[in-house]
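Here our numbering runs 56 ahead of the position in the sequence shown, where the first position is 1. As structure tokens, the structure follows; a few thoughts come after it.
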Amino acid sequence: NEFMRIQTPQGLGTDITLNASEIATFTTNGQALKTVSPPYTLAFDQISDAQLDRVIIASGDMTLNINSDFQHSGTLTVSMPDLRLNGVAYVQSFALDYSGGPVNVDISVPLAGYEMTLNQGGIQNVTINYTLNLQNGGAPAPIPSQRVNVNHSFTALQMSYAEGYFGQFDLE
Numbered sequence: 057n058e059f060m061r062i063q064t065p066q067g068l069g070t071d072i073t074l075n076a077s078e079i080a081t082f083t084t085n086g087q088a089l090k091t092v093s094p095p096y097t098l099a100f101d102q103i104s105d106a107q108l109d110r111v112i113i114a115s116g117d118m119t120l121n122i123n124s125d126f127q128h129s130g131t132l133t134v135s136m137p138d139l140r141l142n143g144v145a146y147v148q149s150f151a152l153d154y155s156g157g158p159v160n161v162d163i164s165v166p167l168a169g170y171e172m173t174l175n176q177g178g179i180q181n182v183t184i185n186y187t188l189n190l191q192n193g194g195a196p197a198p199i200p201s202q203r204v205n206v207n208h209s210f211t212a213l214q215m216s217y218a219e220g221y222f223g224q225f226d227l228e
């Protein structure tokens with residue numbers, strides 16, 4: 057509905073790399089665990105001057121396109137404390153299975169029924185945490201230019217419920 061909607065698509069692109077200390081830990085321990093800090097926030101633009109605090113999503117998708125050029129397998133865990141289904145925050149781990157070439161993982165998550173808290177100190181956004189767990193697969197140690205690239209987006213979001221300030225409108 058045009059009276060109140062969240063502009064989509066909304067997206068975030070980021071690269072996750074290992075620094076020299078993390079590479080040394082990987083070489084010594086056979087594993088590197090990297091939590092991106094501080095977490096990312098994805099701002100949502102809205103059509104009006106509304107300040108939504110909470111919405112329940114009727115339909116729409118969250119899409120993740122994950123690409124890795126590390127020559128090792130691992131997992132990327134995505135957690136979003138502001139996105140919940142039945143009161144449980146969204147957490148999902150995605151396998152990055154290296155088999156001789158770049159790893160590409162495309163995920164689409166239907167969001168119908170999810171609740172999203174948007175108002176974080178007056179800013180309309182959600183927090184996204186990424187944790188990379190890379191396992192030594194016998195290939196040479198990673199180098200700082202290798203990365204996991206994550207394109208994270210929300211598309212076609214429709215609300216079934218909303219709380220917050222809806223702004224001022226002339227209804228004719």
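Ideal Cβ placement from N, Cα and C applies to all residues, glycine included. Remember, predicted model here, so these are calculated numbers, not experimental data.
Report task. Going by DSSP, name the residue or residues bridged to Y170. Result -> According to DSSP, Y170 bridges with nothing at all.
Report task. Rounded to whole angstroms, what's the CA-CA distance from Y146 to G194? Just pull it up for me. Result -> In this structure, the alpha-carbon of Y146 lies about 33 Å from that of G194.
**Report entry** Those residues which DSSP pairs with R140 across a bridge
**Finding:** DSSP output for R140 lists A145 and E171 as bridge partner(s).
Requested in this report: Pull up the distance between the alpha-carbon of S201 and that of V182, whole angstroms please.
Outcome: Pairing S201 with V182, the inter-Cα distance amounts to about 29 Å.
**Report entry** The alpha helix (DSSP H) enclosing I79, as first and last residue numbers
**Finding:** Per DSSP, I79 belongs to the alpha helix (DSSP H) from A76 to N85.
Query raised in the report: Is it the case that the Cβ atoms of T131 and A151 are separated by a distance below 8 Å?
Result: In contact: T131 and A151 (Cβ atoms closer than 8 Å).
Requested in this report: Just tell me which of F210, A218, F222 and Y217 has its CA closest to the CA of D117.
Outcome: Comparing Cα positions, the closest option is F210.
Query raised in the report: Nearest CA to the CA of Q191: which residue from N85, N75 and L68?
Result: Looking at the Cα atoms, N85 is the closest of the given residues.
Query raised in the report: Among the residues of its own chain, which have a CB less than 7 Å from the CB of N57, if the five just before and after it don't count?
Result: For N57, the predicted structure reports a pLDDT of 45, less than 50, and the residue's modelled location is therefore unreliable. A value from the coordinates is still provided. If the five residues before and after N57 are omitted, its C-beta is found closer than 7 Å to no C-beta atom of its own chain.
Query raised in the report: Among residues of its own chain, excluding the 5 on either side of I79, which ones have a beta-carbon nearer than 8 Å to its beta-carbon?
Result: Cβ neighbours of I79 beyond the five flanking positions: A88, A197, P198, I199 and P200.
Query raised in the report: DSSP beta-bridge partners for T97?
Result: Answer by DSSP bridge pairing, in chain order: T183.
Query raised in the report: Excluding five sequence neighbours on each side, which residues of the same chain lie with their C-beta closer than 7 Å to the C-beta of Y170?
Result: Only I113, L139, R140 and L141 meet the Cβ criterion.
Query raised in the report: Thinking just about the alpha-carbon of each residue, which of L213, S155 and G223 is nearest to the one in A168?
Result: When each option's Cα is compared against that of A168, the closest is L213.
Query raised in the report: What residue range is occupied by the uninterrupted beta strand (DSSP E) comprising R21?
Result: With the chain represented from 57 up to 228, any question about residue 21 goes unanswered, as that position is not in the structure.
Requested in this report: Consult DSSP for D153 and reduce its assignment to one of helix, strand or coil.
Outcome: Looking at D153 - three-state DSSP - the assignment turns out to be coil, as it is neither helix nor strand.
Requested in this report: Hey, could you find the ends of the beta strand (DSSP E) V206 is sitting in?
Outcome: Where V206 is concerned, the enclosing beta strand (DSSP E) stretches over V204 to Y221.
**Report entry** Distance between beta carbons of T91 and T187, contact taken as under 8 Å
**Finding:** Yes, they are in contact, since the Cβ atoms of T187 and T91 sit about 5 Å apart, within 8 Å.
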